[in-house]
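A.B. asks: Okay, here's the structure, questions in a sec.
Residue numbers (the working numbering): 1173 to 1281.
Below, the structure is given as structure tokens:
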């Protein structure tokens, strides 16, 4: 399996924006430079594991979301309930749920 660093950077930027944080905010929380955060988000720099973990901590998310696009939080009962309902859907409905969630995440509500 190969890591798509372009997607990794896009996921970091998306998560940062969902939390209403600037690159300066993330830089301050991680001890990294604003320029380094920008380079990672724009696929001009590949983060080390240590850097990625600092970013994960600052953005309160696990590395598997940034690396694989998978959000895991086994202690979250709401996500567990949603996941169980999605498993009851056929493939067509699961695709619809995926599109809806993507739209919802991208919307500025």
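Backbone N, C-alpha and C fix where the C-beta goes; we use that ideal spot for every residue, glycine too.
1. Taking Cβ positions, are residue 1193 and residue 1238 nearer each other than 8 Å?
2. Taking DSSP as the reference, what is the three-state secondary structure of residue 1174?
3. What do you reckon, is the C-beta of residue 1209 under 7 Å from a heavy atom of the ligand COA?
4. So, are the CB atoms of residue 1223 and residue 1204 less than 8 Å apart?
5. Three-state secondary structure (DSSP) at residue 1233?
6. Where does residue 1211 sit, in a helix, a strand or coil, going by DSSP?
7. Roughly how many whole angstroms lie between the Cα atoms of residue 1227 and residue 1261?
C.D. replies: Looking at the coordinates:
1. no
2. coil
3. The ligand COA is not among the ligands present in this structure, which contains no ligands whatsoever.
4. yes
5. coil
6. helix
7. 34 Å
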